[in-house]
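A short worksheet on the structure shown next.
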């Protein structure tokens, strides 16, 4: 780490009310300046150590590594996220489109014709059959009522899309971990557009259909979305919090040629966030984004299936937290009644 950080003071302030939030006032000293951060996140600075290389390889894909970094309060963080990708008990979602593995389906009918029904996950005995169509930039893990039903085969690129089939009884709750992967571990960056450290962006869209091919749910602002990892942050004064709302819209997203001084904010995921009875009432609603903002108009993993994602009567929206560029690990939740 190029600039060392010294933790001088930590002040814990507990707020009143049903949901108590720990606020930390941290004064950090680098070789250049002293900065003060007021918020609930743990802070890291600089590049993480690589602990796993190339967990997935694709001929034209970006390098998919995992890293670890220690924050100023002594906690260790896995970046870009602690996932179930290498957990063999968590099923991979079958392909809607996956050029890395030659699954270049032109239509959903073509993809479904190759679907192996043994991949259907049973949530409830005698439950109805539902099909989820998902495009995630970059990675997702999906739970229904706390049960794993599918994870993304391609953590980073090339861009792919997935099908998840499951049997459940209404109401049921969908919970998903979404990850915007990174090549420069710990600072949310990748080489792009002439910059060595360019901030990536996220985005996820999903459509859920019943066994009669009717759309019963789409991603929109009715979903809940909370961020747990924000980077790169060049100035800690740009971030703020209001209750459970975590804002970084005022932060610079220009990136640069050297990210060794960039900060990152980390929040611990709550226990049982994927369970039906988890209380997300105070979480922010998801923010929606256009196809143009996410940049999918030239990606066949999306454009081959616009009849599903951009249905003229029930258009699904890309969702994320309040900052689709800087927020790299996001949990979304929605209950279908």
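Residue numbers (the UniProt record's numbering): 1 to 337.
Backbone N, C-alpha and C fix where the C-beta goes; we use that ideal spot for every residue, glycine too.
Backbone CA spacing between residue i and residue j [nearest angstrom]
| i | j | result |
| --- | --- | --- |
| residue 321 | residue 124 | 30 Å |
| residue 31 | residue 295 | Caution is warranted here: a pLDDT of 46 is assigned to residue 31, below 50, making its placement in the model unreliable, and the coordinate value is therefore given only provisionally. Computed Cα separation, rounded: 39 Å. |
| residue 78 | residue 112 | 35 Å |
| residue 197 | residue 131 | 38 Å |
| residue 120 | residue 309 | 21 Å |
| residue 104 | residue 267 | 38 Å |
| residue 340 | residue 203 | With the chain running from 1 to 337 in the structure shown, residue 340 is simply not present. |
| residue 234 | residue 256 | 10 Å |
| residue 127 | residue 186 | 42 Å |
| residue 243 | residue 69 | 27 Å |
| residue 306 | residue 299 | 11 Å |
| residue 168 | residue 318 | 25 Å |
| residue 328 | residue 118 | 33 Å |
| residue 210 | residue 133 | 12 Å |
| residue 157 | residue 250 | 28 Å |
| residue 240 | residue 227 | 13 Å |
| residue 35 | residue 115 | 54 Å |
| residue 278 | residue 194 | 43 Å |
| residue 313 | residue 176 | 25 Å |
| residue 182 | residue 109 | 33 Å |
| residue 212 | residue 191 | 45 Å |
| residue 326 | residue 201 | 7 Å |
| residue 38 | residue 284 | 20 Å |
| residue 87 | residue 287 | 30 Å |
| residue 76 | residue 218 | 36 Å |
| residue 208 | residue 122 | 16 Å |
| residue 311 | residue 297 | 15 Å |
Segment limits, alpha helix (DSSP H) that includes residue i
| i | result |
| --- | --- |
| residue 309 | 306-309 |
| residue 291 | 291-294 |
| residue 44 | Careful: residue 44 lies outside any alpha helix (DSSP H), inside the beta strand (DSSP E) at 42-45. |
| residue 303 | 300-303 |
Of the residues the options, the one placed nearest residue i, counting alpha carbons only
| i | options | result |
| --- | --- | --- |
| residue 73 | 40, 86, 282 and 59 | 40 |
| residue 253 | 238, 243, 244 and 116 | 238 |
| residue 45 | 265, 256 and 330 | 265 |
| residue 247 | 261, 229 and 260 | 229 |
| residue 258 | 223, 102, 68 and 188 | 188 |
| residue 339 | 330, 99 and 299 | Nothing in the structure corresponds to residue 339, since the chain is present only between 1 and 337. |
| residue 220 | 315, 38 and 106 | 315 |
| residue 282 | 201, 223 and 263 | 223 |
| residue 216 | 279, 289 and 129 | 129 |
| residue 324 | 60, 98 and 293 | 293 |
| residue 92 | 71, 53, 166 and 60 | 166 |
| residue 53 | 271, 101, 184 and 138 | 184 |
Range covered by the beta strand (DSSP E) that runs through residue i
| i | result |
| --- | --- |
| residue 328 | 327-336 |
| residue 175 | 172-179 |
| residue 226 | 224-233 |
| residue 190 | 189-192 |
| residue 133 | 128-136 |
| residue 50 | 49-52 |
| residue 75 | From DSSP, residue 75 is part of no beta strand (DSSP E); its letter is neither H nor E. |
| residue 93 | That residue, residue 93, is in no beta strand (DSSP E); it is neither H nor E in DSSP. |
Test item: CB-CB of residue i and residue j under 8 Å
| i | j | result |
| --- | --- | --- |
| residue 336 | residue 148 | no |
| residue 232 | residue 206 | no |
| residue 153 | residue 140 | no |
| residue 173 | residue 62 | no |
| residue 49 | residue 94 | no |
| residue 51 | residue 66 | yes |
| residue 135 | residue 302 | yes |
| residue 106 | residue 291 | no |
| residue 55 | residue 85 | yes |
| residue 81 | residue 179 | yes |
| residue 274 | residue 143 | yes |
Per-residue DSSP class, three states only, for residue i
| i | result |
| --- | --- |
| residue 109 | helix |
| residue 287 | strand |
| residue 155 | coil |
| residue 80 | coil |
| residue 240 | strand |
| residue 31 | No answer about residue 31 holds up, because its pLDDT of 46 lies below 50 and its placement is not dependable. |
| residue 261 | coil |
| residue 201 | coil |
| residue 321 | coil |
| residue 63 | coil |
| residue 141 | strand |
| residue 315 | strand |
| residue 182 | coil |
| residue 101 | helix |
| residue 195 | strand |
| residue 165 | strand |
| residue 275 | coil |
Chain B within 8 Å of residue i, Cβ atoms only
| i | result |
| --- | --- |
| residue 204 | As a matter of chain content, chain B is missing from the structure shown, which is built from one protein chain. |
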